[in-house]
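Comments concern the structure below.
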């Protein structure tokens, strides 16, 4: 699956970057305006739901898509971020924005630690370790009374938060900014030396090592970044729902979506996870309203299996072939 | 006897019995992951699916869970053959087992688990055979049959498996496919056929483990999650391709986990699984008994 990206030359990189950021900010502003015109709080919550998956899927893609290392612990990293925000608020009273920064730090460290212990081995050991990480973090949280244990923790949100129209809009805009930044970071990584090094690791790690790519260091950078961004995706979660318990924070749907979305959209490209997240996220949001949530997760599982079998390069792969 | 000592002794003995269950759960994975190099993370989910089938059939027909699990093993063998055929066709053949293959098994795990939730609801299911309420006593030590019978069955099955792998031609071929598939081809044995057979057996073992699980504890659709860490830790600790190593690791694991649960409370025992796995991966990736590569 060596979907090599065309290297961006110095002359075109500037305008391209400008186009990306201009486009992203334009879409962001348009979304805010449209949702404000609709004026329904549900719109903000649905938007938030999709955008958190944009962050999660892009974060997964940095390690999984570029380097080919599968992280099954998205729910664990995300919950670590969410509970960091809860603990920080309880300990110091600092709210959302400092919570996001702290969550990035804690989850990033968690990623670095897991990576440091397992990334010297074959990739599958890292995957297994991340799979178990979620289970163990859940055990720790359930036993940790300070953040509510298995009963969960409440966060009381203010009703109004000027200059925003409502709390829902504020949450939506925060997540929107995070999503744009994450996609921007993922895109910058893709076009940088780090990204090319990671792609070399994915295609042939031994060959990459032999020609002098610092494989372990690059993998650790990617794991840390991936963990930190997943934590960022989770940090606003307690503020979004007003209540957080281990079952919700460690929900399987995060783990499966974090993998399904990039793979269905097209792993290894910055746009793939965005397409996957918007598509699957919207579908699930619509399906949760109309059919049962278990059934709609089941459908995601089937889509994942069918896509990896029949379209290993995801939706982005279709466009590539047509060109 | 000193109550503390008696507690420790009982903790060790029931840990060994628990280890028997873990050996049953890890046996199939030792074949799939250890010998065939197929990272079947859906194995615990398939075990739980087997457990649910055992509960349904056992309750309807009034049969013993362990007997039912042996009866449904051929069915699971076929399921395993089907999964391997699909996996081989789409991933192994293309050399894409690393990323896509892992994602595939993750998808299978997810489909099985959510499918169980949809079919049976999230509640616990149980099927207690009569002997589950009998406890033999050897002095200070309790031997609950609920734990002993599945452990003995698991040991018997794993013992037979070890014999078969060592004595029969097919068994030797399975061990060989892990080391050099090309050499096997030169001996006029189709490695794909051997792998298909072995993977079928591995999934059939998951059904057997499911029966053992039903006897030991009530099952729910998410029961498999906690087993992922355990079974992989056991396989890696046991040195991947070695079944005797796997059994030793399983017994050790059961003891450590059970003693932790006895002295610090059962809610901490999952952390033991992961802690062990991480330590083993970090310091002895070749397993407790393996030689450095």
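Chains as they are written, first to last, in the working numbering: chain A, 991 to 1313; chain B, 7 to 299. Positions of the beta carbon are idealized from the N, C-alpha and C atoms, including for glycine. This structure is a prediction, so every number in the text was calculated from the model and none was measured.
- For residue 1234/A, the closest of 1027/A, 1136/A, 1019/A and 1118/A by C-alpha to C-alpha distance is 1136/A.
- Rounded to whole angstroms, the separation of the alpha carbons of residue 184/B and residue 1184/A is 35 Å.
- Take residue 1030/A, set aside five residues on each side of it, and no residue of its chain has a beta-carbon closer than 7 Å to its own.
- Across the structure, residue 1107/A and residue 242/B are spaced so that their CA atoms are roughly 15 Å apart.
- Within the stretch 15 to 98 of chain B, the complete alpha helix (DSSP H) segments at least 4 residues long are 49 to 67 and 71 to 93, listed from N- to C-terminus.
- In terms of Cα proximity to residue 239/B, the closest of 13/B, 33/B and 17/B is 33/B.
- Residues of the same chain with a CB within less than 7 Å of the CB of residue 153/B, apart from the 5 flanking positions on each side, are 20, 23, 24 and 222 in chain order.
- Classified as exposed, residue 1082/A has fewer than 16 neighbouring CB atoms from the shown chains inside 10 Å of its CB.
- Non-local C-beta neighbours of residue 146/B in its own chain, meaning closer than 8 Å and more than five positions away in sequence, comprise 7, 12, 15 and 16, ordered along the chain.
- Using a CB distance cut-off of 9 Å, residue 1216/A does not count as an interface residue toward chain B.
- Chain order gives the chain A residues near residue 283/B as 1118, 1119 and 1122, where near means a beta carbon separation below 8 Å.
- Take the alpha-carbon of residue 124/B and the one of residue 1286/A: they are about 11 Å apart.
- C-alpha of residue 281/B to C-alpha of residue 1149/A: approximately 43 Å in a straight line.
- Beta-bridge partners of residue 1144/A (DSSP): 1233/A.
- The closest CA to that of residue 198/B, considering only 116/B, 260/B, 93/B and 9/B, is found on 93/B.
- Interface with chain B (9 Å Cβ-Cβ cutoff): residue 1257/A is included.
- Between residue 1047/A and residue 1071/A, the C-beta gap is not smaller than 9 Å, which leaves the two residues out of contact.
- Distance from the CA atom of residue 50/B to the CA atom of residue 1186/A, rounded to whole angstroms, is 37 Å.
- Note on residue 249/B: 16 or more other CB atoms within 10 angstroms of its CB, so buried under the neighbour-count rule.
- As a beta-bridge residue in DSSP terms, residue 142/B pairs with 149/B.
- Listed in chain order, the non-local C-beta contacts of residue 1079/A below 7 Å within the same chain comprise 1085, 1089 and 1145, local neighbours out to five positions each way being set aside.
- Looking from the CA of residue 76/B, the closest CA among 98/B, 216/B and 234/B belongs to 216/B.
- Chain B places a beta carbon closer than 9 Å to that of residue 1192/A, counting this residue as a contact.
- By the Cβ neighbour-count rule, residue 1182/A is exposed, with fewer than 16 other Cβ atoms within 10 Å of its own.
- Between the stretch 1286 to 1295 of chain A and the stretch 1267 to 1277 of chain A there are three or more C-beta pairs closer than 8 Å, enough to call the two in contact.
- DSSP places residue 1114/A inside the alpha helix (DSSP H), whose first and last residues are 1113 to 1133.
- Contact annotation: residue 1260/A and residue 1177/A have beta-carbon atoms nearer than 9 Å.
- Three or more beta-carbon pairs drawn from the stretch 1123 to 1137 of chain A and the stretch 264 to 278 of chain B are found closer than 8 Å, and the two stretches are therefore classed as touching.
- Taking 9 Å as the cut-off, the beta carbon of residue 211/B is found closer than this to the beta carbon of residue 37/B.
- The alpha-carbon of residue 1069/A is positioned some 15 Å away from that of residue 1050/A.
- About 18 Å separates the Cβ atoms of residue 1026/A and residue 1169/A, ruling out a contact at the 8 Å cut-off.
- Within chain B, the residues 271, 273, 274 and 277 have their CB atoms less than 9 Å from the CB of residue 1133/A, given in chain order.
- Any Cβ of chain A closer than 9 Å to the Cβ of residue 163/B would place that residue at the interface, and such an atom is absent.
- Where residue 1161/A is concerned, the enclosing alpha helix (DSSP H) starts and stops at 1157 to 1181.
- A straight-line Cα-Cα distance of about 27 Å links residue 1203/A and residue 97/B.
- Residue burial is scored here from C-beta neighbours: residue 83/B has at least 16 other C-beta atoms within 10 angstroms and is therefore classed as buried.
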